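UniProt numbering applies: residue 1 is where the sequence shown begins, and numbers increase by one. C-beta atoms are modelled at their ideal positions from N, C-alpha and C, and glycine is treated no differently. Keep in mind that this is a model prediction, so the values were computed, not measured. See structure below.
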Amino acid sequence: MAAPTGDDADLVPEPDLYKAPEKKTIEELVKLDADDEALKRYKENLLGSVAQCTPFPNDQRHLIVQKLEVIIKDGPTFSLDLEGDLEKLRDEPIEIPEGSFYNVRVTFYVQREIIAGLRYLQSAHKGIAKMKDDVMLGSYAPRMEPIVWVSGEEEAPSGNLSRGVYAMTSKFMDDDKNEHVKFKWAIKIVKKP
1 MAAPTGDDAD LVPEPDLYKA PEKKTIEELV KLDADDEALK RYKENLLGSV
51 AQCTPFPNDQ RHLIVQKLEV IIKDGPTFSL DLEGDLEKLR DEPIEIPEGS
101 FYNVRVTFYV QREIIAGLRY LQSAHKGIAK MKDDVMLGSY APRMEPIVWV
151 SGEEEAPSGN LSRGVYAMTS KFMDDDKNEH VKFKWAIKIV KKP
């Protein structure tokens, strides 16, 4: 397999010692250890009727990321619609005052199969400066309700050299190397009022 190039070179998960288990369907997981009553009850309680969890029956995707929001402390919340026209996202930078604290909130659905080891990868470029984030969001079973993940508090860069537009590339992928959604967007660090 060829090495990733361009934006993809920055969006490769950090190597770690974790080896993902062999992928199994929900039906296979339910059938494992079927003779152990306690384990069977535990799985039913944990998984419920997830096999029928398809909030969007006409959509064949297993992961449906609806939106990514940037929540600025004592400021506005910016929302990126990840089901709309992804090409428009890079043309409308999100303005973040320098030194501001913010969180990222992601709203998504899991349907049909378990998503193991969901990660959010992001690269930011401004001139020759590059920054990269690789965040493990976790593993999720299908369910009818949306799942909301919120990051820890982050601080926007500050200072004259930090101000300006950052070209962002983000993607969501899992342990099986499935790329669920990839998009380009922009932030603009502005002088604090």
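Original post:
In chain order, which alpha helix (DSSP H) runs of at least 4 residues are fully inside the stretch 96-165?
Top reply: none
**OP:** Could you please give me the residues that DSSP links to residue 196 through a beta bridge?
**Re:** This structure leaves residue 196 out entirely; the chain is present only between 1 and 193.
Subject >> Among Asn103, Arg112, Pro157 and Gln122, nearest to Pro55 - alpha-carbon criterion >> reply: Arg112
Original post:
Based on the DSSP output, what are the partners of Leu63 in its beta bridges?
Top reply: Val110
Original post:
From Glu69 to Phe78, what distance separates their C-alpha atoms?
Top reply: 5 Å
Original post:
CB-CB under 6 Å to Phe101, same chain, minus the five flanking residues each way: which ones, in chain order?
Top reply: Lys73, Glu153 and Glu155
**OP:** Would you kindly work out how many angstroms separate the C-alpha atoms of Lys130 and Gly159, rounded to a whole number?
**Re:** 17 Å
Subject >> Lys23 - DSSP class collapsed to helix/strand/coil >> reply: coil
**OP:** Could you tell me if Arg41 is buried or exposed, where buried requires 16 or more neighbouring beta carbons within 10 angstroms of its beta carbon?
**Re:** exposed
Original post:
From Glu179 to Thr107, what does the alpha carbon distance come to, in whole angstroms?
Top reply: 17 Å
Subject >> Presumed contact (8 Å Cβ cut-off) between Lys191 and Gly164, rounded CB distance >> reply: So it is not a contact: roughly 11 Å between Cβ atoms.
**OP:** Give the secondary structure of Glu37 by DSSP, where H, G and I count as helix, E and B as strand, and everything else as coil.
**Re:** helix
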